[in-house]
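Asker: Got a structure here, written out as structure tokens. Questions coming.
Protein chains: 4
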Amino acid sequence: MAGNTFGEVFKITTFGESHGVSVGVIVDGVTPGVEINEAYIQKQMDRRKPGQSSVTTPRKEYDVVHIQSGVFEGKTTGTPLFVVLQNHDMRPEAYSEIQNAFRPGHADFTYLEKYGIRDHRGSGRASGRETAARVAGGAIARKLLERRGVQVVAYTQEIGGIKCESFDEGVIEQNAVRACDPIAADKMIKKIEGLAEIGDSCGGIVECRIRGVIPGLGEPVFDKLDAELAKAMLSIGAVKGIEFGAGFEAATMLGSEHNDARNSDGFLTNHSGGIIGGISTGQEIVFRISVKPTSSISVPQQTTNIKGEEQEIRTEGRHDPCICPRIVPVVEAMACLVLEDQYKRQAAMLG
Amino acid sequence: MAGNTFGEVFKITTFGESHGVSVGVIVDGVTPGVEINEAYIQKQMDRRKPGQSSVTTPRKEYDVVHIQSGVFEGKTTGTPLFVVLQNHDMRPEAYSEIQNAFRPGHADFTYLEKYGIRDHRGSGRASGRETAARVAGGAIARKLLERRGVQVVAYTQEIGGIKCESFDEGVIEQNAVRACDPIAADKMIKKIEGLAEIGDSCGGIVECRIRGVIPGLGEPVFDKLDAELAKAMLSIGAVKGIEFGAGFEAATMLGSEHNDARNSDGFLTNHSGGIIGGISTGQEIVFRISVKPTSSISVPQQTTNIKGEEQEIRTEGRHDPCICPRIVPVVEAMACLVLEDQYKRQAAMLG
Amino acid sequence: MAGNTFGEVFKITTFGESHGVSVGVIVDGVTPGVEINEAYIQKQMDRRKPGQSSVTTPRKEYDVVHIQSGVFEGKTTGTPLFVVLQNHDMRPEAYSEIQNAFRPGHADFTYLEKYGIRDHRGSGRASGRETAARVAGGAIARKLLERRGVQVVAYTQEIGGIKCESFDEGVIEQNAVRACDPIAADKMIKKIEGLAEIGDSCGGIVECRIRGVIPGLGEPVFDKLDAELAKAMLSIGAVKGIEFGAGFEAATMLGSEHNDARNSDGFLTNHSGGIIGGISTGQEIVFRISVKPTSSISVPQQTTNIKGEEQEIRTEGRHDPCICPRIVPVVEAMACLVLEDQYKRQAAMLG
Amino acid sequence: MAGNTFGEVFKITTFGESHGVSVGVIVDGVTPGVEINEAYIQKQMDRRKPGQSSVTTPRKEYDVVHIQSGVFEGKTTGTPLFVVLQNHDMRPEAYSEIQNAFRPGHADFTYLEKYGIRDHRGSGRASGRETAARVAGGAIARKLLERRGVQVVAYTQEIGGIKCESFDEGVIEQNAVRACDPIAADKMIKKIEGLAEIGDSCGGIVECRIRGVIPGLGEPVFDKLDAELAKAMLSIGAVKGIEFGAGFEAATMLGSEHNDARNSDGFLTNHSGGIIGGISTGQEIVFRISVKPTSSISVPQQTTNIKGEEQEIRTEGRHDPCICPRIVPVVEAMACLVLEDQYKRQAAMLG
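Protein chains in written order, with the working numbering: chain S, 2 to 352; chain P, 2 to 352; chain H, 2 to 352; chain R, 2 to 352.
This is the structure in structure tokens:
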């Protein structure tokens, strides 16, 4: 209800603020008897963590994974897994200036309107820090999906107007922006470094491809597979849009162009993005998300404070000039959570 | 779980197939003591019904609204409202040819993969007919929102590549395509009529504006207001994408451009689309959806049958060459359902 | 949230008031491909209906079952089943006198306090009529459970202080009170007939035995199998208590007496009632419920009206002097709903 | 779904095994702006902890409460509260002998049947240790209920056949068994000490009284207030039955006796236990639960091991010979969780 739980059968419940003691996750509905390796989760945490390169914030979060329940002698028991991540390198004093002013693009104003009270250290619960718990939970889902032969890969497709022209999955984790085209990646990095110098930021587009999903996955009316993925992606702070397959392009196509014909080998095209009627076709599932430019910039901006007075603000601190590279593992984590949940829902329906 | 219920507090549960006996909805969590007028719901049903003009299917559905429970002496009692809509003008024989073949762009294949069984009359549960129940439920939500001063207006912004150049809310219900620009509307109608002649179809873009929402609405992590709206919209059959505010455009903007500055009168721009951190800002909420071209076309297409054999198919029958005009009231209904639910969730949180 | 839905995976949502147009149920999460026979559901409806004998109310409800969705060519499709039951033999005028007075033992007062508005015809949503929808939904669950080899049998064990001394399952449906002992049944019937003459009523105890459940069913912490059954039973209007296995007797036993020892053939006793730690042992599941005397009696009683004024009231109308015989199929229906749901939850966990 | 979450609006999600690293709870849906004092929660934790007297297990759990999120400058922020409790004094070696044998009365057998894997240290997730997280979460609910003027008091009414003959609320926390009658308390303590000497255990009855609840609380059909309380109580490990008001006694009463008449001052009796039609009457809510004798006894018992071989077992270790005194705060915690949730559901309905 209050929205800190995600999923129906396989589900995660998270807690924690940016500058509180810790963030963490309870993962419930885990298949019993599955080997879980902390290093496996750690690998995903490390992909999300800040300070990986020149294009990410230098804030340090170590996020050493330790499973506190739900695993016995290396295997899941079917009871809830709990992973807590201690917060480090908190500098609440860096935020004293924003105690009373609303940073443009931030949720400062909306949180105060909603709750009548606001944890102004960092962004409290609205911080990107919150996604650390998602990645930990998503890693468990990813582990279960591997046993099903499902692979989830996200990557940067565009940053600051620079688009990838080629797709090479092998290069994604080899460049600092997680782009699928190494030449575009170099340009993106230069673009970001330039913006960092002047204290500005930029947005981009992240694409996700999911392979190995059985045909027939997804609930057909309100909980369509694409509807659940859309919710999952829009629940990530900076995401402003999503499209599946031909997406917004579909609006300009004819039915005779868009419909995916079939022959005895299967579908001939994939304009649907692997989902028809909310149910997987067995093809690759493809979607793209629009990521807004990071709200925290040191360029002076006009705003108001909690008394309604006008003032100028510069959001100092350690921030990513472009969040795309670090949003990639979060996108994958959320996609994994949706898919594992839908697999279990399918099992429930047939069971 | 099986996904025929939408909402947490204010919620609807629907049933019914295209060519079954009836479709209907149970609306639960209704505020007691509210005057409900059947004519009010009927008005929304009539906006969705087929056969309204030359650009929609001639299939007749009368959809006479009758509330069977939850209302006593003209007022809601707090117990579930039930509205059932009888199906008329069913011609199952028109569908006999598709009994064994998968229509491209349709959910025939995916339903069979999911359930191992398929109601091949019309599109069964995957039919647009299912949205009638949503509109009935959405009308109740709309009634409750009116008391809160909330207005939800959707309209066609683009069809077949023709875009609205102006915005006049007064003309939307005056033209057959529900466009916000009467000149573009005329072009859209001609475009659709031309496609109808050759048995093809086209897609478009529908925009929705929501006014009068309090600041502070929406749950901040997984159930963000935009996340719930995205799920709601992607749960509508033909929708392939959604974007809020600047949307995909945000991907190319700088932080200093995208951030909505404030002065003592409030926000100066609305790139966020009225939602920041998943919570309403009090500004107009704006989103756009991509609607794919109608799958049912009589242009010959290549497909396979349930035995895997290749064949050609022409989807005869009475279909909308462009679904945008009739999707408009469905978009509004789903938006109303999300908003009323979030208002009640807010009341629960504070209560 | 508003509590008109029961179950997590296999779930029912009901609507309808005693003297409204209809009552009905949407059953969601049904396994596809299962043969469903309307006569099968009808049989359960007939067991619940009034007017079966001298000891039940003469009110007539025909409750002819007609499935309106979710079944195609005799088999479930996996989409929601809808069953509606029209109300007949409504005599709202019989209730005009209770429009303003609170009948003792009835929910008149509490509904008005909750909602600020009350449908005073019959008991509105608080009427036993509401259970008709449960029995229809429960019949679907029973059908699915039959395929699993699970049998659910409830029966009257005590009425008006008269206890069954023997257990013969074959006689239960052969006597008007559904008692498991034919000699006690005769005494119970006489007792009820005597009370009917003087306009009074009595309570009783109903026992339920469930056989064929696999060991390992039930969720271990909050959603224990006995916890879910307890909720299901206490959700039936007249039920005031429940006990499993040794039940309240367990409070007086020693651990060495109560613990169910095992040998190589399995458990030696069943004090636990077939559930330990919230999970089924594979033994017979046994519970008993306490049923209060029917609230509607024509004996004069002291009460107040909606203005707070004192008055005497005699609840005229057609009521069961003892509800036990007709609560038996409702108990079975609710138990079936819990069990089928838990089976599907188990499938989800393992799937 | 997997049942480690309780509540709809105000809800807790728990994790942790008896001999794992920690147990803990995420509390979601907390009203913002409420002063929360760790000492307040600690007080409830201390009432539940072992080692309080001669009649409880000497196992030490310090359970020092530390809130890790959701509170800022002493007030709730509306975001999830997280409380973790480290496990201490674990002696897994004490459990090596039960690794392969099923302890009678314990969930060893059922967990293994359910999951195919079992954490045999202590009772894993089935341990009473799990209730520590409930008490922490319940304390938050209690705090919110205090502001509503609601008081929840539970106490021992009967142990080992010894019944309280008087009711003095002031003595409950003054005696080691939390009985409401000091004379009976002395006898109960002697009874328990005697059983401890011979390694046996006994059961009892705990009663709960709730005051200050508004009339009109509770959802009327499946989520009746008594139904939710019944589920909550039966979800506590050792509870085998529950009854409200007249309870099982109601089965032997006439309608003219059981119905609670009213005069202008309100209800004249409270046979209903403060709930009619699933909704509170505004009277005291009264229910009783049956607590089975502790399963862990050192008296030799017959059982089988995981290979199906017969063997004798004596459950050594540090256990409570009667769990009633320590179940009292758990009963209160669960009742508080149900009530706060229902208050918030009521706010949602009206909101």
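Beta carbons are placed, not taken as given, at the ideal position from N, Cα and C, and that holds for glycine.
Look at Val136(S) and Pro330(S) and say whether their C-beta atoms are less than 9 Å apart.
Answerer: Yes; because the gap between Cβ atoms is below 9 Å, this pair is in contact.
Asker: Taking Val332(P) and Ile190(P) to be in contact with their CB atoms under 8 Å, please state how far apart those CB atoms are, rounded to whole angstroms.
Answerer: Val332(P) to Ile190(P), Cβ: 20 Å. No contact.
Asker: Taking just the CA atoms, how far does Val28(S) sit from Lys1(H)?
Answerer: Outside the shown range of chain H (2 to 352) lies residue 1(H), about which nothing can therefore be said.
Asker: What does Glu131(H) touch in chain R if you count any residue whose Cβ is under 8 Å from its own?
Answerer: Correct list: Val222.
Asker: Would you report the Cα separation of Thr270(S) and Ala349(S), rounded to the nearest angstrom?
Answerer: Cα to Cα, the separation comes out at about 31 Å.
Asker: Could you tell me whether the Cβ of Ser23(H) comes closer than 9 Å to any Cβ of chain P?
Answerer: By this cut-off, Ser23(H) is an interface position.
Asker: Residues in the same chain with beta-carbon distance under 6 Å from Gly204(H), minus the five sequence neighbours each way, listed in chain order, please.
Answerer: Correct list, in chain order: Val292, Lys293 and Pro294.
Asker: So the beta strand (DSSP E) Arg122(P) belongs to, where does it begin and stop?
Answerer: Where Arg122(P) is concerned, there is no enclosing beta strand (DSSP E), given that its DSSP letter is neither H nor E.
Asker: Please state whether DSSP places Glu220(H) in a helix, a strand or coil.
Answerer: Of the three classes helix, strand and coil, the one that applies to Glu220(H) here is coil, per DSSP.
Asker: Does any residue of chain P have a CB that is nearer than 9 Å to the CB of Lys117(H)?
Answerer: Checking the displayed sequence, the identity of residue 117(H) turns out to be Gly instead of Lys. Closer than 9 Å: yes.
Asker: Could you name the residues of the same chain whose beta carbon sits closer than 8 Å to that of Asp169(S), not counting the 5 residues immediately before and after it, in chain order?
Answerer: Taken in chain order, the residues that qualify are Cys181, Asp182 and Pro183.
Asker: Name, in chain order, the residues that DSSP records as bridge partners for Gly205(P).
Answerer: Partner(s): Ile160(P) and Val292(P).
Asker: Pick helix, strand or coil for Ser70(R), following the three-state DSSP scheme.
Answerer: Residue state, collapsed to three classes: strand.
Asker: What residues from chain H crowd round Ile190(R), counting only those whose CB sits closer than 9 Å?
Answerer: Under the 9 Å cutoff, chain H gives no residues; its nearest Cβ is about 17 Å from Ile190(R).
Asker: Taking Val24(S) and Ala177(S) to be in contact with their CB atoms under 8 Å, please state how far apart those CB atoms are, rounded to whole angstroms.
Answerer: With a Cβ gap of about 25 Å, Val24(S) and Ala177(S) do not count as contacting.
Asker: With Pro81(S) and Phe288(R) assumed to form a contact (beta carbons below 8 Å), what rounded beta-carbon distance in angstroms separates them?
Answerer: Contact doesn't hold; Cβ gap of about 29 Å is too wide.
Asker: Is it buried or exposed, Tyr112(P), if we count other Cβ atoms within 10 angstroms and call 16 or more buried?
Answerer: Result: buried.
Asker: Quick one: does Pro51(P) have its CB under 9 Å from some CB of chain S?
Answerer: So, not an interface residue.
Asker: Does any CB atom of chain H fall closer than 9 Å to the CB of Ala348(P)?
Answerer: No, its Cβ sits nowhere closer than 9 Å to a Cβ of chain H.
Asker: Name, please, each residue of chain R whose Cβ falls closer than 8 Å to the Cβ of Val300(H).
Answerer: Within chain R, the residues near Val300(H) are Gly256 and Ser257.
Asker: Nearest by alpha-carbon distance to Leu351(H): which of Val35(S), Gly200(S), Gln87(S) and Tyr116(S) is it?
Answerer: Among Val35(S), Gly200(S), Gln87(S) and Tyr116(S), the Cα nearest to that of Leu351(H) belongs to Val35(S).
Asker: May I ask you to list the residues that DSSP assigns as paired with Val240(S)?
Answerer: In the DSSP output, where bridge partners are listed per residue, Val240(S) has Val292(S).
Asker: Is Phe245(P) near Ile286(P), with beta carbons less than 9 Å apart?
Answerer: It is a contact, given that the beta carbons lie within the stated cut-off.
Asker: How should Ile199(S) be labelled, buried or exposed, when 16 other C-beta atoms within 10 angstroms of its C-beta is the threshold for buried?
Answerer: Ile199(S) should be labelled exposed.
Asker: Residue range of the beta strand (DSSP E) that Leu82(P) falls in?
Answerer: Leu82 to Gln87 is the extent of the beta strand (DSSP E) around Leu82(P).
Asker: List, in chain order, every chain S residue whose beta-carbon is nearer than 8 Å to that of Ser344(H).
Answerer: The displayed chain sequence assigns Tyr, not Ser, to residue 344(H). Chain S residues near Tyr344(H): Gly352.
Asker: Provide the residue(s) that pair with Ser23(S) in DSSP beta bridges, ordered along the chain.
Answerer: DSSP, once it has assigned bridges, lists Gln87(S) as partnering Ser23(S).
Asker: Residue range of the beta strand (DSSP E) that Thr15(P) falls in?
Answerer: First-last of the beta strand (DSSP E) with Thr15(P): Lys12 to Phe16.
Asker: Buried or exposed for His320(H), please, with buried defined as at least 16 other CB atoms from any protein chain shown within 10 angstroms of its CB.
Answerer: So His320(H) counts as buried.
Asker: With 9 Å as the threshold, decide whether the Cβ of Phe103(R) is near any Cβ in chain H.
Answerer: By this cut-off, Phe103(R) is an interface position.
Asker: Of the choices Thr58(R), His121(R), Glu208(R) and Ala142(R), whose alpha-carbon is the least far from that of Thr338(R)?
Answerer: Note that residue 338(R) is Leu in the sequence shown, not Thr. Of the candidates Thr58(R), His121(R), Glu208(R) and Ala142(R), the one whose C-alpha sits nearest the C-alpha of Leu338(R) is Ala142(R).
Asker: Hey, quick one: how far does the beta strand (DSSP E) through Ile314(S) stretch, first residue to last?
Answerer: Glu311 to Ile314 is the extent of the beta strand (DSSP E) around Ile314(S).
Asker: For Leu226(R) and Ser281(R), which I take to be in contact (beta-carbon distance under 8 Å), what is that distance rounded to the nearest angstrom?
Answerer: Yes, Leu226(R) and Ser281(R) are in contact; Cβ-Cβ is about 6 Å, under 8 Å.
Asker: Mapping DSSP to helix, strand and coil, what is Val300(P)?
Answerer: Coil, per DSSP.
Asker: How close, in whole Å, do the beta carbons of Ala262(H) and Gln284(R) come, if the pair is a contact with beta carbons under 8 Å?
Answerer: No, Ala262(H) and Gln284(R) are not in contact; Cβ-Cβ is about 44 Å, not under 8 Å.
Asker: State yes or no: is the C-beta of Asp120(S) within less than 9 Å of the C-beta of Glu9(S)?
Answerer: No. Outside cutoff.
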